[in-house]
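Reading through the structure tokens given below for one structure.
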Amino acid sequence: MNPHPTLPQRGRELDDVAAMDYEAAAAELERTVALLGKEQEDLAESVRTFERGLALARRCARLLDDAERRLNELAPAVERTAGP
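Per my numbering, residue 1250 is the first one in the sequence shown, and the count goes up by one each step.
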């Protein structure tokens, strides 16, 4: 049961973030940060916006980490083929 009935269940509202590619998540994160910079009268909406922004930031960080890991895996193969 949701302890804060005015806030939606977290999972339902954030499910789509997990499916986003980096570009989509970064673009939405940028819009979310801009929105949070404006005054909002509704506290519950501000909390939802912040929570979504946090999920987007985590998604971007994970995708960047995955890309870095993949590049590190490929680096030895590139070095071998580029040899002297």
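Here a beta-carbon is modelled for each residue, glycine too, at the ideal position from N, C-alpha and C.
Local conformation of residue i per DSSP, three classes
i	result
aspartate 1315	helix
aspartate 1270	coil
aspartate 1291	coil
glycine 1302	helix
For residue j and residue i, the rounded distance between their alpha carbons
i	j	result
valine 1296	arginine 1311	22 Å
glutamate 1300	arginine 1307	11 Å
aspartate 1315	lysine 1287	33 Å
Pick from the options that is closest to residue i, judged by C-alpha positions
i	options	result
valine 1282	Asp1270, Leu1305, Leu1263, Asp1264	Leu1305
**Message:** For the pair the region 1323-1330 and the region 1283-1291, tell me if three or more CB-CB distances fall below 8 Å.
**Reply:** no
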